[in-house]
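Student:
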């Protein structure tokens, strides 16, 4: 008989803000947000718990956040610093178990089934190390599967409230999954968005327990295969293993301008810069792709996406740029103001060795590698094309 699984869900509390407080302790206890400027269409990337008391939330336009909290302190994000601290956290996570599914810079699942200690003890040990060694708050959910561990953590954090980070541990013992989920809103379940929630409400189903009480066949008649999934999840059943490796489906970079741009030379320079960034991410991941994509968003928020397939896989900035530029020229009505532009690549092959006539020359490959090393060591802006210095557009990249 297989042992009962022991799964932890780890979520660093207001991670960007916690890192900023380490850098500037004067921010502690104050309402502040990390993100872009309100006068440049900035978005809240993270906000402190005092700011949340005013209704400020992540992904909110910064202008809205300032209206809700007029004294809000705005801190520019520093992605490189957050990545370094995240790496330190993940090193502690991997000390506990090699079976880790990292979901993002500040979130991960851990499978500790093979450890002899109780899962709750392991959660306390991990929280203690992150608190003490890195001075970061972290919350954990503990359960026998991913679904319930994630929901447990969400519930624990939500129940905390207050102006301080939750730093909670919420445990659901094996066999108690359905009872724990029963009183929760249907929106707590994966796969239940606004539309599904509305349809469930029309069937007088409001809680997870309401779903669990309905025969699976009834749910399948109403929702098809999704109904069967809902019946399983409402009972706290989730057999999915941790995915310890993620194969990206695409790599992209995009920029939202502080002010719409309709000048062709400036837009070409942005396409160049984004293509360079995509190429660098490809090389970091050891991937090459064949489908180059471009995204354009106009002033009225309508968005256009187009793609082109290359003759062979590439990770070369120049190849990506020329393909993206071709798509841009084909699809941009000359002079039309652009709000957002993005460049991406997909259809990956790993470890491709280009033929004699295929990729960049050996001399160019050495140059690309040298530039990558400089940027890795000194930051993205340490080496820039001369054309980049012409523009000084303040923007927010994703």
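Residue numbers (my numbering): -19 to 378. Virtual Cβ for every residue (Gly too), placed ideally from N, Cα, C.
Check the C-beta distance from residue 25 over to residue 52 and give it rounded, since I have them as a contact under 8 Å.
Tutor: On the chain shown, residue 25 is found 45 positions in, with the first residue counted as 1. On the chain shown, residue 52 is found 72 positions in, with the first residue counted as 1. Contact flag wrong, Cβ pair sits at about 13 Å.
Student: Which residues in the same chain as residue 72 place their Cβ atom closer than 8 Å to its Cβ, once the five residues preceding and following it in sequence are excluded?
Tutor: Along the chain shown, one-based indexing puts residue 72 at 92. Hits under 8 Å: 106, 109, 110, 113, 114.
Student: Mind checking whether residue 318 and residue 277 have CB atoms under 9 Å apart?
Tutor: Taking the chain shown and counting its residues from 1, the one referred to as residue 318 is at position 338. Taking the chain shown and counting its residues from 1, the one referred to as residue 277 is at position 297. Yes, these two residues count as a Cβ contact at 9 Å.
Student: Are the beta-carbon atoms belonging to residue 4 and residue 55 less than 9 Å from one another?
Tutor: On the chain shown, residue 4 is found 24 positions in, with the first residue counted as 1. On the chain shown, residue 55 is found 75 positions in, with the first residue counted as 1. Taking 9 Å as the Cβ cut-off, residue 4 and residue 55 qualify as a contacting pair.
Student: Contact between the stretch 78 to 93 and the stretch 216 to 224 is defined here as three or more beta-carbon pairs at a separation below 8 Å; is this criterion met?
Tutor: yes
Student: Between residue 128 and the rest of its own chain, which residues show a CB-CB distance below 6 Å, the 5 nearest in sequence each way excluded?
Tutor: Position 148 of the chain shown, counted from the start, is the residue given in the question as residue 128. Cβ-Cβ distances below 6 Å link residue 128 to 152, 157, 216 in the same chain, with the five nearest sequence neighbours on each side left out; the list follows chain order.
Student: Tell me, please, which residues DSSP counts as bridged to residue 233.
Tutor: Walking along the chain shown from the start, residue 233 turns up at place 253. For residue 233, which the question treats as bridged, DSSP gives the partners 323.
Student: Check whether the stretch 140 to 148 and the stretch 16 to 31 touch, using three or more Cβ-Cβ pairs below 8 Å as the test.
Tutor: yes
Student: Does DSSP classify residue 243 as helix, strand or coil?
Tutor: Counted from its first residue, the chain shown places residue 243 at position 263. It is coil, neither helix nor strand.
Student: Consult DSSP for residue -5 and reduce its assignment to one of helix, strand or coil.
Tutor: As a first step, residue -5 is located in the chain shown; it is residue number 15 there, counting from the start. Residue state, collapsed to three classes: helix.
Student: Below 8 Å, can you find three or more Cβ-Cβ pairs linking the stretch 63 to 81 to the stretch 172 to 192?
Tutor: With a cut-off of 8 Å, the stretch 172 to 192 and the stretch 63 to 81 do not count as touching, because too few Cβ pairs lie within range.
Student: Are the beta-carbon atoms belonging to residue 74 and residue 14 less than 9 Å from one another?
Tutor: Taking the first residue of the chain shown as 1, we reach residue 74 at position 94. Taking the first residue of the chain shown as 1, we reach residue 14 at position 34. No.
Student: Considering only the beta carbon of each residue, do residue 131 and residue 83 sit closer than 9 Å?
Tutor: Along the chain shown, one-based indexing puts residue 131 at 151. Along the chain shown, one-based indexing puts residue 83 at 103. Cβ distance not < 9 Å, so residue 131 and residue 83 don't count as in contact.
Student: List in chain order: all unbroken beta strand (DSSP E) runs of 3+ residues lying wholly within the stretch 82 to 132.
Tutor: 87 to 91, 118 to 123
Student: In three-state terms, what does DSSP make of residue 171?
Tutor: Within the chain shown, residue 171 is the residue found at index 191, counting from 1. Coil.
Student: Is the beta carbon of residue 169 sitting closer than 9 Å to the one on residue -5?
Tutor: Translated into the one-based positions of the chain shown, residue 169 becomes position 189. Translated into the one-based positions of the chain shown, residue -5 becomes position 15. Against a cut-off of 9 Å, the Cβ pair of residue -5 and residue 169 comes out as no contact.
Student: Residue 62 to residue 1, Cα distance in whole Å?
Tutor: Here residue 62 refers to the residue found at position 82 when the chain shown is read from its first residue. Here residue 1 refers to the residue found at position 21 when the chain shown is read from its first residue. Residue 62 and residue 1: Cα-Cα distance of roughly 12 Å.
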